[in-house]
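Residue numbers (this note's numbering): 609 to 942. Step one of this worksheet: look at the structure below.
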């Protein structure tokens, strides 16, 4: 099954769409795309500095969508906001693995309790709303086989992974018990314009891009042989739009993924894309080593077979486009 741009335009034109975490990295790229498709978009974001929300991410689109500055932990706000919406893209969350270990209660509040509040709002006020929940490869923990498919054991290695697993399970449970149409995407390393680059809270790739642009040395933990797969944000937005628009995706969990690359080779590619720079290997910090999962890359054949999705943007092109964006706008992300 292949979904064309015309199909997506027909699916979302004139529809009311709510995006939690919509001023963040993936949410803002999704919001911009939906506005271009003709949807009526409401963005919800707390704009808490540590979580990646940035009003600049919505630049030139502020007058074409509705922005509601609210925290998804606020039950009353969510009760109101879900009403009348056709789609809910639920992206709000705390994504830092190290932060989750240092502040487990905050991670629990945002990634579990708030998710239940969102689902309760949908159950009580709009049970027919179409929900797409973004989960993470972190639910699998340290892989026992590669590539990792959706039947791989769930065994997270940190607080964030446990809480994201619980949130995913709650979404599927509410779908099963109350008939709310829900789909889940397990994302891998997403990169591209509008991501957080001031630190590694959102992704190490953002930090590496900042380091290379500022003339710093990229620091690669360990021997650099760990494998990862990456998805450019435009490809991830495509997957979200396709999964939410097709009835076949209701009740399903899908991995995203791409071609595996070692971290040392990724550092080399970033240097090459920048046409300047350097990298070095350094020992793992103890707190990072304790939750490191080793090599990971996903099997995305299920979503390809069912929905026709596969990544289209090459790593070379994605890195070049990301570097170009941050060279122009880096002051907005520091």
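Positions of the beta carbon are idealized from the N, C-alpha and C atoms, including for glycine.
Does DSSP put residue i in a helix, a strand or coil?
| i | result |
| --- | --- |
| residue 675 | strand |
| residue 776 | helix |
| residue 942 | coil |
| residue 768 | helix |
| residue 872 | helix |
| residue 641 | helix |
| residue 863 | strand |
| residue 904 | coil |
| residue 920 | coil |
| residue 759 | coil |
| residue 794 | strand |
| residue 624 | strand |
| residue 752 | coil |
| residue 720 | helix |
| residue 747 | helix |
| residue 879 | helix |
How would you call residue i, buried or exposed, if buried means at least 16 neighbouring beta carbons within 10 angstroms?
| i | result |
| --- | --- |
| residue 708 | buried |
| residue 837 | buried |
| residue 656 | exposed |
| residue 654 | buried |
| residue 892 | exposed |
| residue 736 | exposed |
| residue 729 | buried |
| residue 925 | exposed |
| residue 614 | exposed |
| residue 785 | exposed |
| residue 942 | exposed |
| residue 664 | exposed |
| residue 911 | buried |
| residue 787 | exposed |
| residue 662 | buried |
| residue 898 | exposed |
| residue 725 | buried |
| residue 628 | buried |
| residue 753 | exposed |
| residue 856 | exposed |
| residue 890 | exposed |
| residue 610 | exposed |
| residue 751 | buried |
| residue 853 | buried |
| residue 823 | exposed |
| residue 770 | buried |
Hey, quick one: how far does the beta strand (DSSP E) through residue i stretch, first residue to last?
| i | result |
| --- | --- |
| residue 888 | 886–890 |
| residue 947 | What the structure shows of the chain is the stretch from 609 to 942, and residue 947 is not part of that stretch, so it cannot be assessed. |
What are the boundary residues of the alpha helix (DSSP H) that includes residue i?
| i | result |
| --- | --- |
| residue 821 | 812–821 |
| residue 897 | 894–897 |
| residue 911 | 909–915 |
Is there a Cβ from chain D that is less than 8 Å from the Cβ of residue i?
| i | result |
| --- | --- |
| residue 663 | Reference to chain D is not applicable here, since this structure consists of a single protein chain. |
- Which residue spans inside the region 654–717 form an unbroken alpha helix (DSSP H) run of at least 4? 683–689, 705–710, 712–716
- Message: At 3 residues or longer, what runs of the beta strand (DSSP E) sit wholly inside the region 821–849?
- Response: 825–829, 838–840
- Is there contact between the region 852–867 and the region 903–910, where contact requires at least three CB pairs shorter than 8 Å? yes
- Message: Would you call the region 619–639 in contact with the region 681–699, where contact means no fewer than 3 C-beta pairs closer than 8 Å?
- Response: yes
- Message: Within 8 Å, do at least three Cβ pairs link the region 916–936 to the region 791–805?
- Response: yes
- Contact between the region 804–811 and the region 866–874: three or more CB pairs below 8 Å? no
- Item | Cβ pair count under 8 Å reaching 3, the region 766–785 against the region 715–722 | yes
- Query: Any contact of the region 676–688 with the region 616–625, i.e. 3+ C-beta pairs under 8 Å?
  - Reply: no
- If you pair each beta-carbon of the region 815–834 with each one of the region 881–889, do three or more pairs fall below 8 Å? yes
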